[in-house]
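Here is the structure we will look at, set down as structure tokens.
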Amino acid sequence: MKIVVCLKQIPDPDALPSDLVIDPETGKPAANKYPLTISPFDENALEIALQLKDKVPGTQIVALSYGPESAEQTLRKALSLLADEAVLVKKETSKLEDGYGVARVLASAIRKVGLPDLVLCGRQAGDWDAGVVGFLLADELGLPCVGFVSQVVSADGNRMVFKTEIEGGWQFLEAELPVLATVTNDETNVLRMAKIKDIMMAHRRKVSVLTLSELGIDGGDLERCRVHGGLKELFTPVSTTVCEFIAGESPAEKALALLGKLREARLV
Amino acid sequence: MAVLVFAELENGKVGRNALEVLGGARSVADKLKMEVLCCVLDGDGGQRTGELGQAGADRVIVVKVATANPSDPESYLAALAETCTGIRPVLIMFAGTPVGRQLAPRVAHRLSYGIVTDCLSIRVADDGREILLTRPIYGGKVHAVFAAREGQVITVRPRALRPLEHPYRADPQVDYVEATPRGGQPRTRVVEVHKETESGVKLEEAKVVVAGGRGIGGPEPFAMLEELAGLLGGAVGGSRAAVDAGWLPATRQIGLTGKIVSPDLYVAVAISGSSQHMAGVANSRVIVGINIDPEAPIFHSAHLGVVEDYREFVPVLIEKIKSAKAC
Ligand SMILES: Cc1cc2nc3c(=O)[nH]c(=O)nc-3n(C[C@H](O)[C@H](O)[C@H](O)COP(=O)(O)OP(=O)(O)OC[C@H]3O[C@@H](n4cnc5c(N)ncnc54)[C@H](O)[C@@H]3O)c2cc1C
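First to last, the protein sequences are chains A and B.
Numbers in my numbering are just positions in the first sequence, counted from 1, shifted up by 1133.
Numbers in my numbering are just positions in the second sequence, counted from 1, shifted up by 4.
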């Protein structure tokens, strides 16, 4: 079985809100002080791929990223976890591109490396939180799509059964391969840690680099198809909430004081 | 020219999500002097056309697809996209549910429309010509405002828009569309559906929610939170960290990518208060934060703060509530 996992490098989503100013041109924090990391749901997708590799002999994992040179770190992390191949499509502009453009680039790259049995994406990236690329990519590739997958329950031959999140519960859904799945988190798909020796080895392994022109894509075209053309304004919402700290000498005193407050507000 | 809403039913009924999206669509359409069309799947949908009219639809389009399964968007996406192509609405709206989030980008792709997800507000600009969409980015730390394109698809965050206060009309025009069957077998199939069996109060509807985070430290202490929630008539949820640790099922995650709750009282226990978590509790009337760290970000969002080790504080709180109840 062959699996392509799409990985995006993003500024650390735990960044403090107080000094996060986003540059509307690049879509990234204006100050370059946030560490870069793999988008969390892409980590969950990678873990699902690794679990399949553990179970199904002969599984090949290709880690794919569209991003600037720094995204190579993201791919090295995938290699250190024993992905078989890493492909970086080099982003040639620092400008913000919309999901349509990204999906087109990923689709071309996937065709170039060979259509796999399974394409995995995170349900949404932890920077712009749009959650559209996976679904657009399925359409670009003409694949059926299964959204909000938390586990692969079984994989045999040309079918897979997924556990997926639905409103008010979950379901088991069977899909014919090839298929694209977008991944959400649960306790079974937290990304494993790499072994020190594999981290060392990963530094020596190859990350293939593809340019847009090698994929037959005109970078200017990508900028023109921007939905973000409609972006008018970015602002930081300000909270007016002032926290009233409950005073007291002991937990018991504080508990009584809190109960008093809640009773006043008719909440208990 | 029209605004189109895809109404997803909840257990066969017109639920809060559909009411909110139709309410929002109605107010935008009124300003633009347009009609609201509402697409539903046949089956339960065909039975609910009157309610959809009351919720704000001028016309209901019942889409019949022989193989449709409501929780598998793949099974009716093509029929829905074709219906939309025939109408070319200026705006197509979905609720931000798993189904809506899957359909919206793909319908947009098939119609070459713009796509903006997770909208918190939709308003018509003062000149009456542009529709402005506000959505959070970076986990809600920043908000972005987009001008809708000529053809635009959006998803709306649950609890962001209001249902209509008064019934709109009881007898919307109803049209039926039969999807042309396609060659070949469907490529996906629902094997089994599990609805959460929540003993007691449903998280989304609870008036009181008690939530635990990474600082809880293990699965056992959640029994304590259950007891507290029980005494207050509420439900228990948690942060993503608690879910990832396996202390709570994923269906109990609250936040940007979990459930959106809107209780009167939200008690966050050993939760740091990340923007992604707080995105799910923004509509709570009173937020209480219980955290050992006085600098924890939760105290930027909480109305009432308790700086304590929860292991000491929560048992005492439970005891005090019990003794207050006893007298
Ligand atoms: C795209 C994206 C989507 C996300 N979606 C969600 C989501 O839907 N929901 C969600 O919750 N998160 C979500 N997250 C994750 C989020 O960013 C945080 O990582 C997460 O909410 C942290 O959980 P936490 O507060 O439980 O843990 P932590 O941040 O580790 O906080 C633990 C807190 O417990 C306190 N504590 C420790 N011990 C005690 C004690 N004994 N008594 C009292 N307090 C104690 C600590 O002081 C600390 O403040 C998302 C992230 C991304 C990038």
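We treat Cβ as the ideally placed atom computed from N, Cα and C, and that holds for glycine.
Since this is a predicted model, take the numbers as computed values, not measurements.
Check: Residues in the region 145-174 of chain B having any Cβ partner in chain D nearer than 8 Å; Outcome: Included in the structure are the protein chains A and B, with no chain D among them.
Check: Three-state secondary structure assigned by DSSP to residue 20 of chain B; Outcome: helix
Check: Proximity test, residue 1381 of chain A beta-carbon vs ligand 1 heavy atom, cut-off 7 Å; Outcome: no
Check: Members of the region 1230-1259 of chain A that neighbour chain B once the beta carbon cut-off is set at 9 Å; Outcome: 1231, 1232, 1233, 1236, 1256, 1257 and 1259
Check: Nearest residue (CA-CA) to residue 58 of chain B, options B/127, B/108 and B/174; Outcome: B/174
Check: Endpoints, the beta strand (DSSP E) within which residue 1200 of chain A is located; Outcome: 1193-1200
Check: Residues surrounding ligand 1 [beta-carbon distance to nearest heavy atom under 5 Å]; Outcome: A/1146, A/1173, A/1259, B/217, B/218, B/219, B/243, B/244, B/245, B/259, B/260, B/261, B/262, B/274, B/275, B/276, B/278, B/280, B/281, B/295, B/296, B/297, B/300, B/313 and B/314
Check: Collapsed DSSP secondary structure at residue 49 of chain B in the structure displayed; Outcome: helix
Check: Whole-number beta carbon distance between residue 1280 of chain A and residue 156 of chain B, since they are thought to touch under 8 Å; Outcome: The Cβ separation is near 21 Å, so there is no contact.
Check: Under 8 Å from the C-beta of residue 1371 of chain A: neighbouring residues of chain B; Outcome: In chain order: nothing, as chain B lies at least about 11 Å away.
Check: Reduced DSSP category for residue 140 of chain B - H, G, I as helix; E, B as strand; rest coil; Outcome: strand
Check: Near-chain A residues of the region 61-92 of chain B - C-beta to any C-beta below 8 Å; Outcome: 75, 76, 77 and 78
Check: For residue 1187 of chain A, three-class secondary structure by DSSP; Outcome: helix
Check: For residue 156 of chain B, three-class secondary structure by DSSP; Outcome: strand
Check: Any non-hydrogen atom of ligand 3 closer than 7 Å to residue 193 of chain B Cβ; Outcome: Ligand 3 is absent from the structure shown, which contains only ligand 1.
Check: Integer Cβ distance of residue 11 of chain B from residue 84 of chain B, believed to fall under 8 Å; Outcome: So it is not a contact: roughly 12 Å between Cβ atoms.
Check: is_contact[residue 180 of chain B, chain A] using C-beta, thresh 8 Å; Outcome: no
Check: Neighbourhood of residue 298 of chain B by C-beta distance below 6 Å, restricted to the same chain and skipping five residues each side; Outcome: 311
Check: Option nearest residue 1179 of chain A by Cα separation, candidates A/1196, A/1202, A/1187 and A/1168; Outcome: A/1196
Check: Three CB pairs or more closer than 8 Å across the region 11-25 of chain B and the region 41-48 of chain B; Outcome: yes
Check: Euclidean distance between Cα positions of residue 1218 of chain A and residue 1255 of chain A; Outcome: 19 Å
Check: Which listed residue (A/1363, A/1150 and A/1170) has its alpha carbon closest to that of residue 1205 of chain A; Outcome: A/1170
Check: Same chain, Cβ closer than 6 Å to residue 1160 of chain A, five either side skipped, listed in chain order; Outcome: 1229
Check: Beta-carbon proximity check, residue 1390 of chain A vs residue 290 of chain B, cutoff 8 Å; Outcome: no
Check: Beta carbon of residue 1202 of chain A nearer than 8 Å to that of residue 193 of chain B; Outcome: no
Check: Selected residue, minimal CA-CA separation from residue 261 of chain B, among B/90, B/121, B/206 and B/69; Outcome: B/121
Check: Residue ranges of each alpha helix (DSSP H) within the region 32-76 of chain B, 4 or longer; Outcome: 53-58
Check: Assumed close pair residue 1162 of chain A, residue 1144 of chain A - CB separation to whole angstroms, cut-off 8 Å; Outcome: 5 Å
Check: Continuous alpha helix (DSSP H) assignments of at least 4 residues falling wholly in the region 1275-1325 of chain A; Outcome: none
Check: Alpha-carbon to alpha-carbon, residue 1249 of chain A and residue 1242 of chain A; Outcome: 12 Å
Check: For residue 1352 of chain A, three-class secondary structure by DSSP; Outcome: helix
Check: Interface partners of residue 1294 of chain A on chain B, CB under 8 Å; Outcome: 195
Check: Contacts that residue 1331 of chain A makes with chain B (C-beta to C-beta distance below 8 Å); Outcome: The premise fails here: residue 1331 of chain A is roughly 23 Å from chain B at the closest Cβ pair, so nothing lies under 8 Å.
Check: Of the listed residues B/212, B/259, B/64 and B/307, nearest to residue 284 of chain B (C-alpha basis); Outcome: B/259
Check: Sheet register partners of residue 1162 of chain A (DSSP bridge); Outcome: A/1155
Check: 6 Å CB neighbourhood of residue 1294 of chain A in its chain, flanking five on each side removed; Outcome: 1286, 1287, 1305 and 1307
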